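Undergrad:
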Amino acid sequence: MNLRQLRYFITVARLGSLSAAARILNVSQPALGYQLKALEGEMEVVLLHRHSRGVRMTDAGRVLFESGMKALEAFSEAERSLAPFGRSAGRRLLLGVAPTPGRALLPDLLPLAAGAGLQIVARQGMSDELSQGLLQGDLDAVLCYNVPGLAQVDIKPLYKEDLYLVGEPSVFDGAEEPVPFDRLATLPLVLDGKVRSIRRLIDEVAATRKTRLDLIEVEPANVKREIIMHHGRCTIVPYGLFLDEIREGRVAARRIVEPALERVVILGVRQDIAAKAASMLQALMQPIVARILDGGALRWSALDGATDKEHS
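Following the working numbering, the numbering of the sequence shown begins with 1 at its first residue and continues without gaps.
#1: Determine, for residue 108, whether the minimum Cβ-Cβ distance to residues of chain B falls below 8 Å.
#2: In whole angstroms, what is the alpha-carbon distance linking residue 148 and residue 98?
#3: Taking DSSP's pairing of strands, which residues face residue 257 in a bridge?
#4: My assumption, with CB atoms under 8 Å, is that residue 236 sits in contact with residue 191. Please give the rounded CB distance.
#5: At what residues does the beta strand (DSSP E) containing residue 137 begin and finish?
#6: Residue range of the alpha helix (DSSP H) that residue 230 falls in?
#7: Does residue 88 come out as helix, strand or coil in the three-state DSSP assignment?
#8: Go ahead and label residue 223 buried or exposed: buried means 16 or more other beta carbons lie within 10 angstroms of its beta carbon, across all protein chains shown.
#9: Using 8 Å as the cut-off, can you tell me whether the segment 212–220 makes contact with the segment 252–265, which would need three or more C-beta pairs spanning the two stretches below that distance?
#10: Out of 54, 65, 136 and 71, state which residue places its alpha-carbon closest to the alpha-carbon of residue 94.
#11: In terms of residues, what are the limits of the alpha helix (DSSP H) holding residue 304?
#12: Helix, strand or coil: how does DSSP classify residue 269 here?
#13: Could you tell me the distance, in whole angstroms, from the CA atom of residue 158 to the CA atom of residue 64?
#14: Buried or exposed for residue 271, please, with buried defined as at least 16 other CB atoms from any protein chain shown within 10 angstroms of its CB.
#15: How would you label residue 198, buried or exposed, when you count the other beta carbons within 10 angstroms and need 16 or more for buried?
#16: Secondary structure at residue 318, three-state DSSP: helix, strand or coil?
#17: What is the DSSP secondary structure of residue 173, reduced to helix, strand or coil?
#18: Can you grab the Cα-Cα spacing for the pair residue 239 / residue 42, in whole Å?
#19: Inspect the beta-carbon positions of residue 39 and residue 69 and report whether they are closer than 8 Å.
#20: For residue 124, tell me which candidate among 23, 32, 144 and 110 has the shortest Cα-Cα distance.
#21: Would you please state the rounded distance, in angstroms, between the beta carbons of residue 228 and residue 251? I believe it to be under 8 Å.
#22: State the DSSP-derived secondary structure class of residue 148, mapped to helix, strand or coil.
#23: DSSP beta-bridge partners for residue 214?
#24: Which residue or residues does DSSP assign as beta-bridge partners of residue 124?
#25: Nearest to residue 20 by alpha carbon, out of 304, 288, 301 and 180?
Shown next as structure tokens:
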């Protein structure tokens, strides 16, 4: 077994698709398949079962996947330790991520990038802050909600997120979703400050509809979460931000309608960074987003024109 075969296997296994992995690894699908067959022949085990929708790991494949991920991370760490002594430019990206997209996408993106030889250093922030960091040259790329006025930046819209009303189940009094926007006037809310993008969107709609909201402003995320979980107030956020708590029944979520509140998540890349690193980042991101859209758990929606399928 060599490092290239291990990277190929890890990438295919994580994506569940030979064709998607071939695009990311910049090799032909037959060449990729040949290397995987050679690996299976050398190890004398079947690592992947092929089926009509892609591939899935065998028991042996799952064992190699777990140990192989550790091996690739150790190799990447060895590479990083040599960076001060003259690593080639263009293979390291400073990526700013908003909390909800970051939580959903980074766990898959970072190992894939490391396996493909791209070092991503992730920094979390709010969308407005990240866009400023991109414009000032402090970041190479951002994964955040669409922010107007990003000059000299290549923008790739990825998906749409509806905003949800989230709070203790008792607050909703058994009401099913969706919740009309005007009903928010009857519910106690806790929201970010006025400078945040979600808050600006809510305030704009409330002003248009002449809806007066009962709210308190809280910036620290841990304090806001405590108020939501234990003090009878709701908030307005993407569904995925409270996914674990929703699944466990500790909070309930209701989609807001009339009008729906939605935002577009984008990948923004500065035009002056290395083209190969930029194209690799985009290629890595696409199949991860597509898989989450297909799963539907985060209630993302495909963009108009990309696919007509919506997930709710």
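Backbone N, C-alpha and C fix where the C-beta goes; we use that ideal spot for every residue, glycine too.
These figures come from a predicted structure and were not determined experimentally.
TA: Reading from the atomic positions:
#1: Protein chains in the displayed structure number just one, and chain B is not present.
#2: Approximately 16 Å, taken between the alpha carbons.
#3: 180
#4: With 8 Å as the limit, residue 236 and residue 191 qualify as a contact, their Cβ atoms being about 7 Å apart.
#5: That residue, residue 137, is in no beta strand (DSSP E); it is neither H nor E in DSSP.
#6: 221–230
#7: Note that residue 88 scores 46 on pLDDT, short of 50, meaning its location in the model is unreliable; the coordinates nonetheless yield the value given after this. Three-state result, residue 88: coil.
#8: By the 10 Å Cβ count, residue 223 comes out exposed.
#9: no
#10: 136
#11: Segment: none, residue 304 is in no alpha helix (DSSP H) and carries neither H nor E.
#12: Judged by DSSP in its simplified three-state form, residue 269 adopts strand.
#13: 31 Å
#14: exposed
#15: buried
#16: In the structure as shown, the chain starts at 1 and stops at 312, and residue 318 therefore has no counterpart that could be examined.
#17: coil
#18: A straight-line Cα-Cα distance of about 45 Å links residue 239 and residue 42.
#19: no
#20: 144
#21: Between the beta-carbon of residue 228 and that of residue 251 there is about 7 Å, and that keeps the pair under the 8 Å contact cut.
#22: coil
#23: 188
#24: 97
#25: 288
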